[in-house]
Amino acid sequence: MNYDFFSRKGIRRKQRNVRPLALFVSRKGAKQQGNVRYLLLLVWLTGMAACQKAGFSYDNVIDDQQTDYILTDTLSVAMKTIRYDSVPTSGTGMLLVGTQSDPYLGAVTAGSYFQLIQPSGANIPVNGSGFDSLRLLLRPTGYIAGDSLQPQSLQVYRVTQTIQFAKTFYNLYNNSNFATENTPLGTFTGIVRPKTDKTVRIPLSDALGNQLFTLLRDKKPEMSAGPNFLDFFRGLKIVPGPGSASLMTFMAQDTSLTMRLYYHINEIIPTAKYVDFKMNASELQFNQISVNRTGTPLAQLQGTVKELPSSATGNMSFTQSLTGVGTRIDLPYLKNMSQLGQFFKIMKVILTVYPAAGTFNGSSQIPANLALCQVDKTNTVTDTLAYGSLAVDNMYNENTYYTYDITNYCNTQLTADATALRGLLLTTPGGSGRNSLDRLVINDQQVPKKKIKIQVYYLLYK
């Protein structure tokens, strides 16, 4: 037989304290020794079901005559980076805005759309009141990608098209778009300290502020409940301005994202007042994401190109859910292992994924949670198999890795026909990957160190 993934003689056996079963048998006679060996083999065969459920408590036990329990880590792993055209980004509760350049994934630009609703119960006296200012209030979450010491530039635009789902869809996506006015309502340039700043205030147009104040004071139909206000004021879009060098997130709830109108009432002592236009319809708030991959290993991943093998991207693959890329893993020679002997059974398979050295700082740039999904030949997710157990080496960054038990997956694939064959996809679960630029760079098996590793424990009866 010709095995491309490893040779029978070349199987690497770890933990060299391997002992033949025969060593546990008295040497007082070959006949007695042979009887005991066959008895042990019979016990093993009848206990297979129990072993499968409970796992093995021994390791690398070998009967020199017939039965081996073997560990190999030389099974070939095929890796590729895949791209999805659309990523749902609505209803995450986070507003992303800014730019950030990454040598591996490219330059990312993020902006956000959202609706507002008119204040309820506003009662502004017609006489003796006046408009002061209009501000958009943003509350940082503490997350930033990029240099927080550089000034952040933000621009706010008025949306002129109704923000809504497309027919038969229930999400808005990273590439969804709605028209806006050409001139910004307001701009902000300054240092934002996401860990300590409670609120970022962006001054907005006095002309708009005066208009809103007058409509509220005079109780015009545009400020009444129902669709009237949304027909008059369809929402806001916030985008990074020129020179933006970081991307940060802000809270997107009705209590944390507001447009505040300040006014005063001329009484004996002038009184400062305000009313809030709060965020409306959280499910329609979404983040628009664009990426320029020119000059990166993924420069060719555009247009009709949906995937690139690791051999075409510097022996690396990449995962960053927000920009629509993930790592697909296949085990092309897994089925060949069943030909190694008369009886073959996989007992345990562990997949270990190391972030490539020098591509992260502690756990600040890699996903805290990484899901391992099952995908078909079109890269459509058919099931979620596991969530990686992340071990972080905060001191040296040398032993940070994710681990997955893929035993059931491998056993299923051993007997699957061509239509049922599935690959594996590394991606961030649920909404967590849609609120940050956390990403993972993985070395393939051609790289000497910190490469993807698969360990297969199996029983073989020759």
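In the UniProt record's numbering, the protein residues as written are 1 to 462. Cβ atoms here follow ideal geometry from the backbone N, Cα and C, with glycine treated the same way.
Close Cβ partners of residue i (< 7 angstroms) along its chain, the five nearest in sequence each way excluded
i: residue 150; result: 245 and 246
i: residue 109; result: 99, 240 and 290
i: residue 43; result: Model confidence at residue 43 stands at a pLDDT of 43, short of 50, so the residue's coordinates are unreliable and nothing is read from them.
i: residue 132; result: 262, 263 and 264
i: residue 118; result: 223, 229 and 277
i: residue 429; result: 369, 371 and 387
i: residue 81; result: 298, 301, 307, 308, 313, 317, 318, 325 and 327
i: residue 447; result: 315
i: residue 233; result: 116
i: residue 120; result: none
i: residue 197; result: 140
Residue i, enclosing alpha helix (DSSP H) - first and last residue
i: residue 231; result: 227-232
i: residue 209; result: 206-217
i: residue 460; result: That residue, residue 460, is in no alpha helix (DSSP H); its beta strand (DSSP E) goes 453-461.
i: residue 485; result: Nothing about residue 485 can be read from this structure; the chain reaches only from 1 to 462.
Contact set for residue i: own chain, Cβ-Cβ below 6 angstroms, skip 5 residues either direction
i: residue 383; result: 374
i: residue 226; result: none
i: residue 354; result: 401 and 450
i: residue 174; result: 87, 89 and 289
i: residue 381; result: 373 and 375
i: residue 155; result: 184, 187, 239 and 241
i: residue 360; result: 366
i: residue 195; result: 142
i: residue 127; result: none
i: residue 444; result: 79, 310 and 315
i: residue 171; result: 88 and 90
i: residue 275; result: 119, 122 and 261
i: residue 83; result: 301, 306, 324 and 325
i: residue 270; result: 264
i: residue 138; result: 200 and 250
i: residue 165; result: none
Reduced DSSP secondary structure (H/G/I, E/B, other) of residue i
i: residue 173; result: strand
i: residue 419; result: helix
i: residue 247; result: strand
i: residue 88; result: strand
i: residue 223; result: helix
i: residue 193; result: coil
i: residue 153; result: strand
i: residue 121; result: coil
i: residue 434; result: helix
i: residue 148; result: coil
i: residue 269; result: coil
i: residue 76; result: coil
Residues near residue i by beta carbon distance below 8 angstroms, same chain, minus five either side
i: residue 208; result: 134, 158 and 185
i: residue 296; result: 102, 103, 104, 105 and 106
i: residue 255; result: 278
i: residue 452; result: 77, 79, 329, 351, 352, 353, 354, 442, 443, 444 and 445
i: residue 411; result: 346
i: residue 334; result: 75, 410, 413 and 414
Unbroken beta strand (DSSP E) run spanning residue i, endpoints
i: residue 447; result: Neither: residue 447 is in no beta strand (DSSP E) and is coded neither H nor E.
i: residue 442; result: 440-443
i: residue 292; result: 286-292
i: residue 237; result: 236-240
i: residue 254; result: It is not in any beta strand (DSSP E) - residue 254 carries neither H nor E in the DSSP assignment.
i: residue 97; result: 94-102
i: residue 166; result: Run containing residue 166: none; DSSP gives neither H nor E here.
i: residue 133; result: 129-138
i: residue 203; result: 200-203
i: residue 390; result: 389-391
Nearest-angstrom Cβ-Cβ length linking residue i and residue j, presumed shorter than 8 angstroms
i: residue 459; j: residue 345; result: 5 angstroms
i: residue 329; j: residue 77; result: 6 angstroms
i: residue 96; j: residue 189; result: 19 angstroms between Cβ atoms; not a contact.
i: residue 407; j: residue 348; result: 5 angstroms
i: residue 292; j: residue 107; result: 5 angstroms
i: residue 439; j: residue 92; result: Going by Cβ atoms, the distance from residue 439 to residue 92 rounds to 17 angstroms, so no, they are not a contact pair.
i: residue 405; j: residue 399; result: No, residue 405 and residue 399 are not in contact; Cβ-Cβ is about 19 angstroms, not under 8 angstroms.
i: residue 112; j: residue 285; result: 7 angstroms
message: Extract the residue ranges of the beta strand (DSSP E) inside the region 328-385, only unbroken runs of 3 or more that lie entirely within it.
response: Runs of the beta strand (DSSP E) lying entirely within the region 328-385, each at least 3 residues long, are 343-353 and 371-375 in chain order.
Continuous alpha helix (DSSP H) assignments of at least 4 residues falling wholly in the region 303-332: As far as the region 303-332 is concerned, it has no whole alpha helix (DSSP H) run of at least 4 residues.
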